[in-house]
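Each residue of the sequence shown is one higher than the one before, starting from 1 at the first, in the UniProt record's numbering.
Glycine included, each C-beta is placed from N, C-alpha and C at the ideal position.
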Amino acid sequence: MSDVVNIVVWSKKGCSYCEEVKNYLNEKGFPFQNIDVSEKEKLRDILQVKYGVRHVPVVEIGRGNQYQGITEIGIEHLDLALANHAQIKEAKR
Numbered sequence: 001m002s003d004v005v006n007i008v009v010w011s012k013k014g015c016s017y018c019e020e021v022k023n024y025l026n027e028k029g030f031p032f033q034n035i036d037v038s039e040k041e042k043l044r045d046i047l048q049v050k051y052g053v054r055h056v057p058v059v060e061i062g063r064g065n066q067y068q069g070i071t072e073i074g075i076e077h078l079d080l081a082l083a084n085h086a087q088i089k090e091a092k093r
């Protein structure tokens, strides 16, 4: 399994929480892919199927084919998920 953590941010234009998440990841030096769901109901449908939500931001963090979706609003949830992935990486060394 790859040691690279992949991060995907589902966001939309004008979403202050989305900008907060992206700024936080940039400040911490985490590269991420951004998926803009603005006016794209099919992308929101994907969020509904995967996580049972249609709101953004949603952050996916994972490696290989195992991802965790963070759907709760608040940097503390993202920070905890990032810390958990760092611990998993250290445990595998």
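Report the start-end ranges of each alpha helix (DSSP H) in the UniProt domain "Glutaredoxin" (1-93) that is 4 residues or longer and not cut off at the edges.
Look at the UniProt domain "Glutaredoxin" (1-93) and you find these whole runs of alpha helix (DSSP H), each 4 residues long or longer: 16-28, 41-51 and 75-91.
With 16 other CB atoms within 10 Å as the buried threshold, where does residue 13 fall?
So residue 13 counts as exposed.
Of the choices 5, 85 and 10, whose alpha-carbon is the least far from that of residue 46?
The shortest C-alpha separation from residue 46 is found at 10.
Just mark residue 83 as buried or exposed, buried being the case when its beta carbon has 16 or more other beta carbons within 10 Å.
With fewer than 16 other CB atoms across the displayed protein chains lying within 10 angstroms of its CB, residue 83 is exposed.
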